[in-house]
Ligand code: ADP
Ligand code: MG
């Protein structure tokens with residue numbers, strides 16, 4: 346999609362769990378070629394929102410649109426088929442398997458049945474194409490030298506990048522990252538930020554859900570801040586950083 350085109354949009358999305366309002370009319374959009382950060386303290390509703398915009402869970406009210414299509418009631422597989430790639434808060438790699446195999450699992454044709462079924466039915470040429478595609482994504486992410494080592498032997502920061510490469514192997518237009526910087530060392534965060542900069546320049550729309558305020562403030566084009574399920578601030582990092590409500594929410598005002 347052309348730069349600045351909205352690739353994913355949430356319109357007044359509300360999620361209730363019994364009496365608890367985990368998301369209260371949250372609106373947000375992600376444009377091609379930008380990094381949008383969703384931040385907020387623990388329990389603010391970030392993961393709940395993430396689940397709704399990736400098709401894991403349905404909103405109680407409101408609408409999610411992906412590539413300008415209404416997605417209400419669609420399974421996460423349909424989101425993937427339309428161009429959504431994601432990573433998980435906790436690394437989900439097959440540690441004994443080589444990096445290239447892990448990434449190839451993301452390259453199996455999107456929207457089809459489970460990968461195991463599709464893997465088993467691949468012929469030699471299809472398998473070779475899948476591995477070539479995986480290798481391209483690994484190199485794109487700067488991990489070329491690690492393609493043949495077991496994923497579990499890499500440092501956490503590198504495993505996070507492998508997960509991004511796996512998401513990229515599905516050719517997404519939108520990339521959703523759930524707390525990608527959590528638990529990373531300073532230099533690993535720097536490397537991750539450099540990669541996300543590069544992907545933004547290539548035209549991806551990226552949503553980073555983060556607890557680490559410093560990490561996103563140096564990276565994001567726009568920031569949306571959640572507290573108790575509701576948007577309390579939005580704007581550029583500079584605008585959001587000096588917003589008294591945000592300082593209160595983070596410093597436990
Ligand atoms: P965050 O990711 O920002 O830490 P969450 O989205 O995980 O926040 O949680 C927001 C609120 O919703 C919390 O009060 C949490 O306890 C509640 N919550 C999340 N998921 C469920 C669920 N499946 N059932 C009931 N309550 C939930
Ligand atoms: Mg969370």
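In full-length UniProt numbering, the protein residues as written are 346 to 598.
Beta carbons: idealized from backbone N, C-alpha and C, even for Gly.
Measure the Cβ-Cβ separation of residue i and residue j and say whether it is below 9 Å.
i: residue 391; j: residue 571; result: yes
i: residue 451; j: residue 511; result: yes
i: residue 541; j: residue 553; result: yes
i: residue 496; j: residue 438; result: yes
i: residue 508; j: residue 432; result: yes
i: residue 353; j: residue 550; result: yes
i: residue 521; j: residue 429; result: yes
i: residue 482; j: residue 514; result: yes
i: residue 386; j: residue 556; result: yes
Give the straight-line distance between the Cα atoms of residue i and residue j, rounded to the nearest whole angstrom.
i: residue 380; j: residue 363; result: 33 Å
i: residue 560; j: residue 416; result: 31 Å
i: residue 444; j: residue 593; result: 42 Å
i: residue 365; j: residue 388; result: 11 Å
i: residue 501; j: residue 562; result: 22 Å
i: residue 581; j: residue 568; result: 6 Å
i: residue 427; j: residue 591; result: 34 Å
i: residue 533; j: residue 499; result: 12 Å
Please identify the residue among the options whose C-alpha is closest to the C-alpha of residue i.
i: residue 473; options: 400, 446, 358; result: 446
i: residue 371; options: 502, 406, 421; result: 406
i: residue 348; options: 367, 365, 354, 378; result: 378
i: residue 375; options: 367, 356, 393; result: 356
i: residue 350; options: 411, 482, 433, 513; result: 411
i: residue 435; options: 425, 369, 442, 529; result: 529
i: residue 517; options: 398, 425, 591, 414; result: 425
i: residue 441; options: 493, 489, 590; result: 493
i: residue 564; options: 423, 505, 386, 583; result: 583
Skipping 5 residues on each side, what residues in its chain have a beta carbon closer than 6 Å to that of residue i?
i: residue 566; result: 379, 380
Tell me which same chain residues have a C-beta within less than 7 Å of the C-beta of residue i, skipping the five on either side of it?
i: residue 401; result: 421
i: residue 476; result: 445, 449
Counting by C-beta, which residues lie closer than 5 Å to a heavy atom of the ligand MN, in chain order? The ligand MN is not among the ligands present in this structure, which contains only the ligand ADP and the ligand MG.
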